[in-house]
Structures are given as C-alpha cells and as structure tokens.
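Here is the structure we will look at.
In my numbering, the protein residues as written are 30 to 227.
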C-alpha cells in the first residue's frame, strides 16, 4: 500500500547508472540545464570529483578518469555540452549489454553424478574387459560415492552405487561387492565438501 505524498523509488525515473545514486544523477541533470558553458564545465568537474570519492577503490586503475568522464556522458545522455578532457565517444559500449550466452538445456537424469560421470558410463558400456576397464570402474565407483556424500543423499550405501553403475551402464558393469573395495572417504573430506557448498 502506497501512502499519498511519499516519494517512492518505484515511481521515479529509472537511473542510467544506479551505482552512483539518484543524487549524482540529479547533479548531472542540473549541469545539463545550466545555460552558461563555463558554469556547466565547473559543475561537471565538481561532479567528477564527487564520483571519484564514491568509487575510491578503482583509483589505481590506468583508465580511471576516462571511465568517470564516460559515465558522466552516459548519465547526461550525451546532452552535457562541455569540453571533455578525453574522448567519450566510446562510452556507449559501456552501456551496451552483451548478448546472453546460450544456456545448455540438456537435462541430466541423475544430476548428483554430473555430466562427466555419465559420459564415463557411456564409455564403460563399450569397453572390453581388462585392466584398463577395471581401473576406470574403480575410479568411477569411488567418484559416484563421493558425489553422493557431497550432495548429502541419505543413502551412500555401497549397494546404491553398485545398483546405479549397473543401471547407468545398461548392465555392462556389475560390481561384485564381496570383492570390490571402495576408497575410504574421511570425515575431513566430508566436512570440507559440506563447507564448500555453503
């Protein structure tokens, strides 16, 4: 509910560069409205000094002053008639938003294992039995168990990993849990993974 007489940001004109705030935008609008060029110049230089104080962390960058003048030109919609100390003609590139990156929409049936492990499963389906396949199976099964722990699944039983690897390789890989030995996942490793997820 809006209270009559109050000035809401949602009712105000959208800021061109919101990081500088409405006060600096109003200063820029005032500078544009000044009839005397010398006065506009002094006003613009004062605004640049205020902008520099607001963004003091970037002062050490080489093109720092150029960036401020570019921003001033943008905030005035290039209507501020002054003698700029640098070329601001490329300032529009700052305001141009990049094209959005295409997002892969591949749905992963078992997201907790991830795309790479599923690609390994595809490879395991066609690998001939032997030492190379055995090593890859051992590495894959251990990584599956780590992923289950990392994602906080209630069940990280060896039987679950064995069932999943058999299902995801269309029965090509069957772990014999009587002989297969998983790597031990330490409590420190579990705690570290949980900490990273926060």
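Ideal placement from N, C-alpha and C gives every residue a C-beta, glycine not left out. Just so we're clear, the structure is a prediction, and the values are computed from it rather than from any experiment.
Distance between beta carbons of residue j and residue i, contact taken as under 8 Å
{"i": "residue 81", "j": "residue 103", "result": "Contact doesn't hold; Cβ gap of about 16 Å is too wide."}
{"i": "residue 171", "j": "residue 205", "result": "Not really, about 15 Å apart at Cβ, beyond 8 Å."}
{"i": "residue 199", "j": "residue 154", "result": "6 Å"}
{"i": "residue 5", "j": "residue 66", "result": "Residue 5 cannot be examined here, being either before or after the span of the chain that is shown, 30 to 227."}
{"i": "residue 46", "j": "residue 76", "result": "Incorrect: roughly 12 Å between the Cβ atoms, too far for contact."}
{"i": "residue 214", "j": "residue 178", "result": "6 Å"}
Outcome for residue i when other beta-carbon atoms lying within 10 angstroms are tallied against a minimum of 16
{"i": "residue 54", "result": "buried"}
{"i": "residue 150", "result": "buried"}
{"i": "residue 90", "result": "exposed"}
{"i": "residue 73", "result": "buried"}
{"i": "residue 78", "result": "exposed"}
{"i": "residue 194", "result": "buried"}
{"i": "residue 105", "result": "buried"}
{"i": "residue 60", "result": "buried"}
{"i": "residue 191", "result": "buried"}
{"i": "residue 169", "result": "buried"}
{"i": "residue 112", "result": "exposed"}
{"i": "residue 123", "result": "exposed"}
{"i": "residue 197", "result": "buried"}
{"i": "residue 210", "result": "exposed"}
{"i": "residue 97", "result": "buried"}
{"i": "residue 145", "result": "exposed"}
Whole beta strand (DSSP E) elements within the stretch 91–125, 3-residue minimum: The qualifying runs do not exist here; there are none.
Segments of 4+ residues assigned as alpha helix (DSSP H) that fall wholly inside the stretch 173–212: If only complete runs of 4 or more residues are kept, the stretch 173–212 shows the alpha helix (DSSP H) at 187–197, in order along the chain.
Cβ contact check for the stretch 157–165 and the stretch 174–183: 3 or more pairs under 8 Å: No, they do not touch.
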